[in-house]
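With the numbering used here as the guide, the letters of the sequence shown map in order to residues 16 to 502.
Cβ atoms here follow ideal geometry from the backbone N, Cα and C, with glycine treated the same way.
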Amino acid sequence: MTRYQSHWVNVVIIALVAILRSPTLLPSMSLTDEDYYSTIASDILDGGKVYHTAVDTKPPGMYYIFAGVFRVAGRNNLLAVHLLAIFVVAATALVVRRIGARVADEWAGAWSGIGYAVFVHAYLPQDTLAANTEIFASLLLSLSILAFLQGEKEARWRWMFLSGTLVGAATLIRQPSAVNVGVMLVYLVYAWLIPGTQSLRSVARAASGIVAGVVVPIGYVESETTIPYVLKHLVTIHLSVLLSWGLLWYFGIRQVIVSLKSLRHTTTGSTTAALLVLWLGVTYLTIFIGWRFPGHYHLTVLPPLSILAGQAFSRFVAQQRSSPQAHWRSLRVGIIGAADVPILVFFIMAFGLRKPTLDHRPIVQAIIERTGPTDRIFVWGSRPRLYSFSGRRLATRFVSCTHLVGAYAKRPREVKDRGESVIPGSWEMFRSDWQLHPPVLIIDTSTMDPESEWVAHPMTRYPALRAYLPGYRKEAVINGATIYRRL
């Protein structure tokens with residue numbers, strides 16, 4: 016590959032990411048978990064403390080990233096967040112390209128980077144376009160693998176320490192990122208025992224660097240579900256994601272097979288193959304944590320999958336160039352179609368994502384008109400964007416009431432309807448917060464959608480909250496949300 020071609024590959028990667036993420040630059044575009052991050056970030060800027068004055072179940076990394084952006088660009092500036100996300104995804108694609116070139120050749124690296132830039136957007140846009148944990152963690156984990164490869168090449172402890180530190184930083188963003196430490200340690204043991212490319216001393220030295228780097232941050236893991244629910248989501252979500260990435264999986268699995276065959280030989284190349292296969296396999300298993308399979312959980316698989324697929328696709332292209340023109344032309348049409356069809360469908364869908372945010376605007380405006388900048392509000396339900404968009408602080412630490420009633424994320428409906436809190440002692444914390452700063456307004460969003468699971472959770476169902484309702488009067492109903500004012 017010439018330098019000119021290399022520059023154009025970078026341009027293509029960056030352009031693909033910018034174009035496919037362009038819907039996020041529309042005004043009032045708020046996606047998936049961004050409302051939670053924004054609300055807690057605003058609370059941090061108001062002097063609050065994560066897990067004390069604002070509670071959610073994620074590690075702290077994303078809250079501080081959002082808080083940093085808001086401090087520089089202004090409160091609730093999601094445009095700035097989405098611009099940062101474009102940079103992060105493009106940077107990840109370029110790092111994936113660099114790893115692909117390092118373990119194979121420049122063209123394999125180019126196809127790896129392009130594959131990542133395309134297929135990271137090949138699913139439901141509310142999952143792929145959000146500035147969520149997976150895209151930020153993917154950059155750090157990819158950089159960690161690159162640092163690891165450099166450390167192995169130079170036999171330098173500092174590169175291994177950097178690699179472990181990057182995994183630790185990724186764990187502060189997404190808990191399952193910690194498994195990458197295991198990937199690298201197993202790879203080092205393999206390199207020592209099988210091909211003998213590493214001595215025991217070098218393995219111990221490299222391992223100590225990785226472990227020393229990762230012990231700085233600490234993460235958590237959570238899971239709960241039922242078997243029928245798991246089977247349902249394996250088909251409706253997990254399988255649909257795999258099908259959307261069908262082209263990438265096809266070439267990725269081909270390369271996995273080639274890599275596994277190469278592990279029979281004691282070559283340096285086969286040890287790198289082991290690293291990539293381990294990375295893909297272990298990262299794939301982390302999708303199953305919690306047994307809920309949200310679409311965005313799958314995004315962390317893309318860096319190793321893209322690198323492996325890029326190698327197989329590069330060989331495939333080289334082989335097919337010598338085939339008859341008509342055959343090669345048909346193959347190109349099929350490949351382009353397999354990549355473009357899901358991308359175009361989801362890209363068009365992305366422009367409709369603003370509607371839920373726009374539907375909340377009248378409620379947000381009503382909150383602003385009825386309260387002062389220092390007043391606190393309480394939102395019953397799971398609509399944290401009412402806090403972040405109105406700029407009003409939480410009356411209780413609970414960003415979402417799902418933690419109070421157990422209607423968390425994609426748990427089975429029968430589990431949600433039980434009304435059991437997720438966090439022990441949560442109602443006691445609720446009472447304590449309410450007494451410290453009772454809200455000026457209560458916004459009951461359980462009445463907004465008759466099909467929502469929140470219909471099973473009216474405010475009067477819970478004694479701790481019901482006890483405070485006589486001190487409020489009904490003031491307005493806006494877009495289905497009932498607003499109560501303190502007497």
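Give the secondary structure of residue 489 by DSSP, where H, G and I count as helix, E and B as strand, and everything else as coil. strand
Nearest to residue 135 by alpha carbon, out of 49, 286, 31? 31
Residue 202 and residue 295 closer than 8 Å at C-beta: no
DSSP three-state label for residue 456, please. strand
Output needed for residue 24: all residues of its chain with C-beta closer than 6 Å, excluding positions within five of it in sequence on either side, in chain order. 125
Residue 96 lies in the alpha helix (DSSP H); which residues open and close that run? 93-118
Output the distance between the C-alpha atoms of residue 167 and residue 197, rounded to the nearest integer angstrom. 16 Å
Using the beta-carbon count (16 or more within 10 Å), is residue 414 buried or exposed? buried
For a test of the three-state rule: what should DSSP assign to residue 260, helix, strand or coil? coil
Measuring straight from C-alpha to C-alpha, what distance separates residue 107 and residue 35? 15 Å
Contact between the segment 484-494 and the segment 372-382: three or more CB pairs below 8 Å? yes
Collapsed DSSP secondary structure at residue 135 in the structure displayed: coil
Taking the runs of the alpha helix (DSSP H) that are 4 residues or longer, which of them lie wholly in the segment 153-202? 172-186
Strand pairing of residue 408, partner residues [DSSP]: 391
Expected contact under 8 Å - CB spacing of residue 404 and residue 420 to nearest Å: Their Cβ separation, rounded to whole angstroms, is 23 Å, which puts residue 404 and residue 420 out of contact at 8 Å.
Give every residue of the same chain whose Cβ lies closer than 8 Å to the Cβ of residue 399, excluding the five residues on either side of it in the sequence, and list them in chain order. 50, 51, 53, 54, 414, 415
Would you report the Cα separation of residue 165 and residue 181, rounded to the nearest angstrom? 14 Å
Report the CB separation of residue 58 from residue 68 in whole angstroms; it is logged as a contact under 8 Å. 6 Å
For residue 139, count the other beta carbons within 10 Å of its own beta carbon; 16 or more makes it buried, fewer makes it exposed. Which is it? buried
In terms of alpha-carbon separation, which member of 303, 477, 450, 467 lies closest to residue 435? 477
For residue 76, collect the residues of the same chain with a Cβ closer than 6 Å to its Cβ; drop the 5 residues on either side in sequence, then sort them by chain order. 187, 188
Stretch pair the segment 439-451 + the segment 460-473: three plus CB contacts closer than 8 Å: no
If we count the other Cβ atoms within 10 Å of its Cβ and call it buried at 16 or more, is residue 347 buried or exposed? exposed
Select from 500, 484, 468 the residue whose C-alpha is nearest the C-alpha of residue 396. 468
What's the gap between the Cα of residue 56 and the Cα of residue 85? 8 Å
Rounded separation between residue 383 and residue 159 - CA only: 45 Å
Nearest-angstrom Cα separation, counted from residue 65 out to residue 27: 40 Å
For residue 287, which of helix, strand or coil comes out of DSSP? helix
Use the C-beta contact count for residue 313: other C-beta atoms within 10 angstroms, 16 or more gives buried, fewer gives exposed. buried
Does the Cβ-Cβ distance between residue 137 and residue 361 come in under 8 Å? yes
Name the DSSP bridge partner or partners of residue 65? 69
Quick check: the segment 112-120 against the segment 80-95, are at least 3 beta-carbon pairs closer than 8 Å? no
Identify every residue that forms a DSSP beta bridge with residue 498. 458, 491
Which of the three DSSP states, helix, strand or coil, is assigned to residue 85? helix
How is the alpha helix (DSSP H) around residue 332 delimited, first residue to last? 317-335
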